[in-house]
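Comments concern the structure below.
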Amino acid sequence: MRKKLLLVFAATFLILLATQGLALAGVPAIETDPGIEVYINGLHVPRENLKPILIGDTTYIPAQALGLLRNVIVQENEKGAALAIEAPKSKYGYYPICLITANDEAGPPPAGFKWNGKIYVPLRYWAEFLGATVTYQDGTVYVQQ
5 MRKKLLLVFA ATFLILLATQ GLALAGVPAI ETDPGIEVYI NGLHVPRENL KPILIGDTTY
65 IPAQALGLLR NVIVQENEKG AALAIEAPKS KYGYYPICLI TANDEAGPPP AGFKWNGKIY
125 VPLRYWAEFL GATVTYQDGT VYVQQ
């Protein structure tokens, strides 16, 4: 009887272990140093400053980096990253666009998520939303306004 119970326990443990492995296989891994070089408006942004990451085939950058685009203001807080466009003749000097909330994990664009203390956003989606063109060539991303 004891051997049967031990066998059932071992089989259950192996099934749970295999199920957990399959569940984790569906979650794309975060590649922290994908070797991607980024140029914004013709200027190279060093990887160590930008810290891009790759999830699946989507390049994510810290939301603060969107501030490198002309006329874009980014403020980050515990709730997420607030985006605005500079408008010197307006009442406040800018027009608010939106707040990118800080989810716990990556999601489909335009979702942002908190990782290593920063809000990360999909580069192409937000750069194009802010009026830039994004092209990829041999591991290099060119963002041009």
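For what it's worth, the numbering used here labels the leading residue of the sequence shown as 5, then goes sequentially. Don't be surprised by glycine CBs; every beta carbon is placed ideally from N, CA and C.
Over the uninterrupted beta strand (DSSP E) stretch that includes residue i, give me the two end residues.
{"i": "residue 64", "result": "62-66"}
{"i": "residue 84", "result": "84-90"}
{"i": "residue 148", "result": "144-148"}
In chain order, what residues of the same chain have a beta carbon less than 7 angstroms from the beta carbon of residue i, not counting five sequence neighbours either side?
{"i": "residue 139", "result": "146"}
{"i": "residue 136", "result": "73, 147, 148, 149"}
{"i": "residue 55", "result": "66"}
Alpha carbon to alpha carbon, how far is residue i from residue j?
{"i": "residue 94", "j": "residue 84", "result": "24 angstroms"}
{"i": "residue 100", "j": "residue 38", "result": "32 angstroms"}
{"i": "residue 67", "j": "residue 80", "result": "8 angstroms"}
{"i": "residue 44", "j": "residue 131", "result": "10 angstroms"}
{"i": "residue 47", "j": "residue 65", "result": "16 angstroms"}
{"i": "residue 111", "j": "residue 36", "result": "17 angstroms"}
{"i": "residue 27", "j": "residue 92", "result": "For residue 27, the predicted model reports a pLDDT of 41, less than 50, meaning its position is unreliable and no value from the coordinates is stated."}
{"i": "residue 50", "j": "residue 32", "result": "25 angstroms"}
Spatial neighbours of residue i within its chain, please: C-beta separation below 6 angstroms, excluding the five flanking residues on both sides.
{"i": "residue 34", "result": "57, 59"}
{"i": "residue 41", "result": "144"}
{"i": "residue 96", "result": "none"}
Along the chain, where does the alpha helix (DSSP H) that runs through residue i open and close?
{"i": "residue 131", "result": "127-133"}
{"i": "residue 52", "result": "51-54"}
Is the beta carbon of residue i less than 8 angstroms from the beta carbon of residue j?
{"i": "residue 134", "j": "residue 63", "result": "no"}
{"i": "residue 129", "j": "residue 114", "result": "yes"}
{"i": "residue 104", "j": "residue 116", "result": "yes"}
Just list the residues that DSSP pairs residue i with in beta bridges.
{"i": "residue 34", "result": "59"}
{"i": "residue 116", "result": "106"}
{"i": "residue 122", "result": "119"}
{"i": "residue 81", "result": "84"}
{"i": "residue 47", "result": "44"}
{"i": "residue 96", "result": "DSSP output for residue 96 lists no bridge partner at all."}
In its own chain, which residues sit with a C-beta less than 8 angstroms from the C-beta of residue i, not counting the 5 before and 5 after it?
{"i": "residue 76", "result": "70, 87, 88, 89, 90, 134"}
{"i": "residue 118", "result": "106, 107, 108, 124"}
{"i": "residue 102", "result": "86, 87"}
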